[in-house]
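Undergrad: Protein chains in written order, with our numbering: chain A, 53 to 907; chain B, 197 to 488.
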Amino acid sequence: MAECHPVGFQWVMEAKARGATLIHVDPRFTRTSALADVHVSLRAGSDIAFLGGLVNHVLQNEADFREYVLAYTNAAAIVREDFRDTEDLDGVFSGLDTEHRTYDPATWQYEGADVPSVAGEGDEEFEERTQAGATIREAARVEAHGSGGAGVSGDIHTDETLRHPRCVYQILKRHFARYTPDMVEQVCGVPPDTFRQVCELVTANSGRERTTAFAYAVGWTQHTVGVQYIRTASILQSLLGNIGRPGGGILALRGHASIQGSTDIPTLFNLLPGYIPMPHAHADQTLESFIEAEGTVKGYWGNMRSYLVSLLKAWWGESATADNDYAFDYLPRLTGDHSTNETVLAQMEGTCKGYFLMGENPAVGSTNAKMQRLGMAALDWLVVRDFALIESATWWKDGPEIETRELRTEENGTEVFFLPAASHTEKSGSFTNTQRLLQWHREAVRPQGEARSDLWFTYHLGRRIREKLAGSTDDMDRPILDLTWDYPVHGDILEPDAEAVLVEINGHDARGAPLSAYTELKGDGSTTCGCWIYCGVYADGVNQADRRKPHTEQDWVAKEWGWAWPANRRILYNRASADPDGRPWSERKALLWWDPEHRRWSGPDVPDFQPDKPPDFRPAEGARGPDALRGTDAFVMQADGKAWLYAPAGVVDGPLPAHYEPHESPFTNPLYSQQSNPIRQVVKHPVNRYQPPGSPVFPYVTTTYRLTEHHTAGGMSRWVPYLAELMPEFFCEVSPELAAERGLEHLGWATIVSARTAVEARVLVTERMTPLTVQGRTLHQIGLPYHWGPNGYSTGDAANELAPVVLDPNTHIQESKAMACDIRPGRRPRGPALLEFVRDYRRRAGITDETGMEM
Amino acid sequence: MSQVSPGPPRMGFFTDTSVCIGCKACEVACKEWNAIPEDGLNLTGMSLDNTEKLDANTWRHVAFIEQRKPLAFQEPGVRHTGPVPDLATPPAEAPMTPMTPGEPGDLRWLMASDVCKHCTHAACLDVCPTGALFRTEFDTVVVQADVCNGCGYCIPACPYGVIDQRKEDGRAWKCTMCYDRIGDGLQPACAKACPTESIQYGPLDELRERASERLDTMHAAGVTDARLYGDDPNDGVGGTGAFFLLLDEPEVYGLPPDPVATTRDLPAMWRHAALAAAGLVGAGVIACLRSS
Chain A
53 MAECHPVGFQ WVMEAKARGA TLIHVDPRFT RTSALADVHV SLRAGSDIAF LGGLVNHVLQ
113 NEADFREYVL AYTNAAAIVR EDFRDTEDLD GVFSGLDTEH RTYDPATWQY EGADVPSVAG
173 EGDEEFEERT QAGATIREAA RVEAHGSGGA GVSGDIHTDE TLRHPRCVYQ ILKRHFARYT
233 PDMVEQVCGV PPDTFRQVCE LVTANSGRER TTAFAYAVGW TQHTVGVQYI RTASILQSLL
293 GNIGRPGGGI LALRGHASIQ GSTDIPTLFN LLPGYIPMPH AHADQTLESF IEAEGTVKGY
353 WGNMRSYLVS LLKAWWGESA TADNDYAFDY LPRLTGDHST NETVLAQMEG TCKGYFLMGE
413 NPAVGSTNAK MQRLGMAALD WLVVRDFALI ESATWWKDGP EIETRELRTE ENGTEVFFLP
473 AASHTEKSGS FTNTQRLLQW HREAVRPQGE ARSDLWFTYH LGRRIREKLA GSTDDMDRPI
533 LDLTWDYPVH GDILEPDAEA VLVEINGHDA RGAPLSAYTE LKGDGSTTCG CWIYCGVYAD
593 GVNQADRRKP HTEQDWVAKE WGWAWPANRR ILYNRASADP DGRPWSERKA LLWWDPEHRR
653 WSGPDVPDFQ PDKPPDFRPA EGARGPDALR GTDAFVMQAD GKAWLYAPAG VVDGPLPAHY
713 EPHESPFTNP LYSQQSNPIR QVVKHPVNRY QPPGSPVFPY VTTTYRLTEH HTAGGMSRWV
773 PYLAELMPEF FCEVSPELAA ERGLEHLGWA TIVSARTAVE ARVLVTERMT PLTVQGRTLH
833 QIGLPYHWGP NGYSTGDAAN ELAPVVLDPN THIQESKAMA CDIRPGRRPR GPALLEFVRD
893 YRRRAGITDE TGMEM
Chain B
197 MSQVSPGPPR MGFFTDTSVC IGCKACEVAC KEWNAIPEDG LNLTGMSLDN TEKLDANTWR
257 HVAFIEQRKP LAFQEPGVRH TGPVPDLATP PAEAPMTPMT PGEPGDLRWL MASDVCKHCT
317 HAACLDVCPT GALFRTEFDT VVVQADVCNG CGYCIPACPY GVIDQRKEDG RAWKCTMCYD
377 RIGDGLQPAC AKACPTESIQ YGPLDELRER ASERLDTMHA AGVTDARLYG DDPNDGVGGT
437 GAFFLLLDEP EVYGLPPDPV ATTRDLPAMW RHAALAAAGL VGAGVIACLR SS
């Protein structure tokens, strides 16, 4: 966190100054470790075993916060009798479809629950559901639950004594029993003493009076079991009572400015603003059937109609009417998986012909960078908007494939347009970062030359397309022509007014007055709102994101600094900071309490709860939406109002996390005979060959990461001399022991090899890299910062050349944080000799097109 | 008669290296604000420090020091058994990042942002023949680039090796404590950019008080080798306007353990020289008398 989020790390330092203990778990001793009380070095790719060990410690020692667990989690829920755990099936869950590499999640459900709501109704729904695994996964449907839970309804059976053998608590206990300290040592290479120290610190700092927070960089997501990493942390934090309380939580440290914003108002193929799923191309899908299938009966997703209709009104205004389902048919429909890597495959196959790259440099920044470049090389046209001529804009004339003669400039047909982009100081807008906080920034200087903001580009592109289509009678053009595309522009470059976009996002009522909360949204077309969770950011006609009242002039929650979605509440699920009766669990950690006199929830934060719903509230028969939640159902976005220790639906690769080895691992899985995630997404392609597990040809583990001095794929830093001079070239970090074993010289060159290719890097030998003992043998790990590429002022090979395209089945995120590789002294071969060099490695490892494809 | 208002208090930097996270934001902010040229691309192999030292084009420098030493009760989580090379090995020949020897398995990583000390007795200022170097109303020491004639006398005069001549223009350059910001009530760029308040700017008296409290806290926390550097008005430079909390001997950070203003003995030297000259004159007179 100190390395990649130095500004946010100031708060960690402040907590430390107030007595907090800081534990850093990372393969490498980094700048964060230097400031931590405890640094735990573990094998990259083994976190579920480590966290699972913590869960086991909590369960075996009954160190959970029992009152919290009983009140706010699904520990007491009873699971169907036909559910089978990894304990029963040696590493897989019931419902595995080996032919389609999917799970049917039906058996994972609660006893008494109706059905998982992934589509349609009645028998038809059953039809859907039998192939639901494939359907959900292909369209990354689970991601659509980003702001809430998957559907669960019906009369769920529970056992408040937690003794029923099929209650979640008992299933959890059995499931994690094998994650012993000894197993943690075998899998992670963490000595039992160190592990015990972490267990004791985490449990001692959780409970009524104390809370523990987990912060992870998004490297946790870059595994074939990435979602399950975070699920394991969620289980642990829920058991310890660390969710919804000050100083608790699981904080996803986002990769760059407004990445949180880019999922809230998404650049993802499968989401509409506010985590409303993108509709599928089902022939008979109407607004009603869509809401029926995607919304939930209970909880705030029960109001999805209001959110969606208001969105459609914001986009299509007068053209969206009750008669035409509020232009629901104008929305594009999904036909399958259109995520990044699938799109690259479609490019190579020739079905995807055009590509916009806006502030992204996949030619060095994405996994298996060669595949990315070959995808772009098959396009008809490519538009690159960036600050400088990044590698994604020049691969056709000087990329690695030109050198290896796999591509020839004169034969390449892709038309490449490069358009200079304005930087954040040259435009106005908002950032939404880790803590869901919107902060407004203003243009400080006019963009230089022909550089323009993304807003300018998108608006004027839309304007020109609309001008070209004007007068068209083709129905296909209606969704474009009917858009409310009327933003005011200013200045000589006709920059659209960013605040006008914020006003549209906030939404207004029938009289045109700005709305102040999403609870005001209506499903009858009388309100508009561009993103329901952002509703209120322009309450009272004031840009709430632009507030900058110093923390010294307000209380510790500091609600008047920026604006946090939803409804400016700073801690989600904060109902859980009070006990079931509405009293804070502790005075030290008081955030919200029931005020019986005024019959309202009160406290420094905005309640994440209906503000006048008393703790003893019981819903009426047949109640829907938030009204169907009890006064103790703190997890208001979940259909059952509970934190899920066990996920009966919504996670495609299992209701519980299990340690699986990375797709390419030098070790076999000591926990189960199932080696890797059985439904990880594999891509069979000649430029994406996989390494066999346990191959002695690739005996080391490598992980990629960022340095403070550079930014992601380098487009914002390698061209900046003040940054480039601080980290002037690509290097690898190795231990003195590995240097001795492989004859690597400090400051000399090393070549790092995978089944895809080889890269060269300068060598930094340091004791900050430590050998580990894993399964009785010494393991060396190699650290590779991934910022470089051949262009710019500071240059070097791209670490992402090495990584395979193999994906988490929920999110389609690649496994780039734990790979097996080889390392040898000296520079890599150039030109076609490089291809032969890697082919030789593949031959020695016995790699065929079937390697790694097994389940 | 109107009273002469007292000037602003002496302003300074307190750099608390115990909370430095090595982000180098101070280096970049300094270069941005002062429009300092870049220094070239040079991977040094000295931990993550590719800046190496303060010079004409680097007015803030973050040192990274890897040591086989424990940091109070920190658990470093590394396991090594072999020896580490002699620290005297030149970096280019060293088999690894330079490392202070110690018990195998111990590791701490010190980071520290160095800067011009703005000495109470500033030798650079004493030797400057043009008046380009001057003491400001904030009691800081600043070079006026438009007055400096590039004579270079100040460079060997600095006991810390801070001030340096820029090859391109021949003039001497160093930290101004952002003289063009603090006069407007702004913090110096480095202090403003520092995310963890490792670099603190303020009235020197207040900073010294704060530093002494911080030192007590560190000692109480078991960091017994923590110490202040440059806070003593009785040291060889009369105390510094920029002082530090260090976690080890100053030499570890490349700082002189007992800096002395190189001009401190000048008055005495002049007296000796005058005496010697008088002696010479006397001898000459005697010689003249004798010869006559």
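Backbone N, C-alpha and C define an ideal beta-carbon position, used for all residues, glycine too.
Shorter than 9 Å from the beta carbon of Q62/A to some beta carbon of chain B?
TA: True, the Cβ-Cβ gap to chain B drops below 9 Å.
Undergrad: With a threshold of 8 Å, are at least 3 pairs of Cβ atoms found where one atom belongs to the stretch 443-460 of chain A and the other to the stretch 861-870 of chain A?
TA: At 8 Å Cβ cutoff, the stretches do not touch.
Undergrad: Closest Cβ-Cβ distance between D234/A and chain B: below 9 Å?
TA: It does not; no Cβ of chain B falls within 9 Å.
Undergrad: Report buried or exposed for G418/B, applying the criterion of at least 16 other Cβ atoms within 10 angstroms of its Cβ.
TA: When all chains shown are included, G418/B counts as exposed.
Undergrad: Could you spell out the range, first to last residue, of the alpha helix (DSSP H) harbouring G514/A?
TA: Unbroken alpha helix (DSSP H) run through G514/A: D506 to L521.
Undergrad: I'd like to know if Q249/A contacts chain B, where contact means its C-beta is closer than 9 Å to some C-beta of that chain.
TA: Chain B, which has a Cβ nearer than 9 Å to the Cβ of Q249/A, makes this yes.
Undergrad: Using beta carbons (cut-off 9 Å, strictly below), is E180/A in contact with chain B?
TA: Confidence at E180/A is low in this model, with a pLDDT of 43, below 50, so its placement is unreliable and no value can be given for it.
Undergrad: Count the C-beta pairs between the stretch 457-475 of chain A and the stretch 427-434 of chain A that are closer than 8 Å, then say yes if the count reaches three, no if not.
TA: Verdict: yes, contact present.
Undergrad: Identify, in the order they occur along the chain, each residue of the same chain with its Cβ nearer than 6 Å to the Cβ of M428/A, setting aside the five sequence neighbours on each side.
TA: If we look at M428/A and ignore the five residues flanking it on each side, its Cβ neighbours are L434.
Undergrad: Any idea what DSSP makes of T187/A, helix, strand or coil?
TA: Low confidence applies to T187/A: its pLDDT is 45, below 50, so where it sits in the model is not reliable, and the reading given next is rough at best. T187/A: helix per DSSP, three-state reduction.
Undergrad: Please compile the residues from chain D whose C-beta is within a distance smaller than 9 Å of the C-beta of V254/A.
TA: Of the chains in the structure shown, none is chain D; the protein chains are A and B.
Undergrad: Excluding the 5 residues flanking P233/B on each side, which residues of the same chain have their C-beta closer than 7 Å to its C-beta?
TA: Counting only Cβ-Cβ distances below 7 Å, and skipping sequence neighbours, we find N253.
Undergrad: Could you tell me the alpha carbon to alpha carbon distance between P331/A and P751/A, rounded to whole angstroms?
TA: Distance between the alpha carbons of P331/A and P751/A is about 45 Å.
Undergrad: Where does E467/A sit, in a helix, a strand or coil, going by DSSP?
TA: In this structure, E467/A counts as strand in the three-state DSSP scheme.
Undergrad: Apart from the five residues just before and just after R248/A, which ones in its own chain have a Cβ nearer than 7 Å to its Cβ?
TA: Counting only Cβ-Cβ distances below 7 Å, and skipping sequence neighbours, we find P233.
Undergrad: Measuring CA to CA, which of E781/A, E793/A and C581/A is closest to D849/A?
TA: Looking at the Cα atoms, E781/A is the closest of the given residues.
Undergrad: Would you please verify whether the beta carbon of G273/B is less than 9 Å from any beta carbon of chain A?
TA: Answer yes: the Cβ-Cβ gap between G273/B and chain A drops below 9 Å somewhere.
Undergrad: Within the same chain, show all residues whose beta-carbon is closer than 8 Å to that of A522/A, passing over the 5 residues directly before and after it, in chain order.
TA: The answer, listed in chain order, is L533.
Undergrad: For F342/A, I'd like the list of residues in its chain whose CB is within less than 6 Å of its CB, leaving aside the five on either flank, ordered along the chain.
TA: The answer, listed in chain order, is P331.
Undergrad: The beta strand (DSSP E) spanning C784/A covers which residue range?
TA: It spans F783 to V786 - the beta strand (DSSP E) in which C784/A sits, taken as one unbroken run.
Undergrad: Listed from N- to C-terminal order along the chain, which residues in the stretch 710-722 of chain A have their beta-carbon within a distance smaller than 7 Å of any beta-carbon of chain B?
TA: Going along the stretch 710-722 of chain A in chain order, one finds no residue with a Cβ nearer than 7 Å to chain B.
Undergrad: Jot down the residue ranges of each uninterrupted alpha helix (DSSP H) in the stretch 295-381 of chain B, minimum 4 residues, whole runs only, in chain order.
TA: Within the stretch 295-381 of chain B, the complete alpha helix (DSSP H) runs of at least 4 residues are 319-323, 350-353 and 375-378.
Undergrad: Using a Cβ-Cβ cut-off of 6 Å (strictly less than) and excluding sequence neighbours within five positions of G514/A, which residues of its own chain qualify?
TA: These residues qualify, in order along the chain: W537.
Undergrad: From which residue to which residue does the alpha helix (DSSP H) around V251/A run?
TA: The amino acid occupying residue 251/A in the given sequence is Cys; Val does not appear at that position. Residues P244 to A256.
Undergrad: With a threshold of 9 Å between beta-carbons, can W229/B be considered close to chain A, or not?
TA: Taking Cβ atoms only, chain A never reaches closer than 9 Å to W229/B, which makes this a no.
Undergrad: Determine whether the Cβ of A191/A lies closer than 9 Å to any Cβ atom of chain B.
TA: Low confidence applies to A191/A: its pLDDT is 49, below 50, so where it sits in the model is not reliable enough to give any reading.
Undergrad: Report, in whole angstroms, the separation of the C-beta atoms of L775/A and N246/B, which I expect to be a contact under 8 Å.
TA: Their Cβ separation, rounded to whole angstroms, is 11 Å, which puts L775/A and N246/B out of contact at 8 Å.
Undergrad: Determine, for T822/A, whether the minimum Cβ-Cβ distance to residues of chain B falls below 9 Å.
TA: T822/A counts as touching chain B.
Undergrad: Who pairs with M207/B in a beta bridge, going by DSSP?
TA: Paired residue(s): P399/B.
Undergrad: So, does the CB of M779/A fall closer than 9 Å to a CB anywhere in chain B?
TA: Chain B contact via Cβ: present.
Undergrad: When the Cα atoms are used, what is the spatial distance from L324/A to A86/A?
TA: Rounded to the nearest angstrom, the two C-alpha atoms are 42 Å apart.
Undergrad: Restricting to Cα atoms, I'd like to know which of V258/B, L250/B and E228/B is closest to S394/B.
TA: Minimum Cα distance to S394/B is reached at V258/B.
Undergrad: Would you say P291/B faces chain A, with C-beta separation under 9 Å as the test?
TA: Cβ-Cβ to chain A under 9 Å: yes for P291/B.
Undergrad: Shortest alpha-carbon distance to D332/B belongs to which of P325/B, A318/B and Q263/B?
TA: A small correction: the amino acid at residue 332/B is Thr; Asp does not occupy that position in the sequence shown. The shortest C-alpha separation from T332/B is found at A318/B.
Undergrad: Helix, strand or coil, according to DSSP, for V890/A in the structure here?
TA: Looking at V890/A - three-state DSSP - the assignment turns out to be helix.
Undergrad: Going by the DSSP bridge assignment, what does V435/A pair with across the sheet?
TA: Partner(s): F408/A and F469/A.
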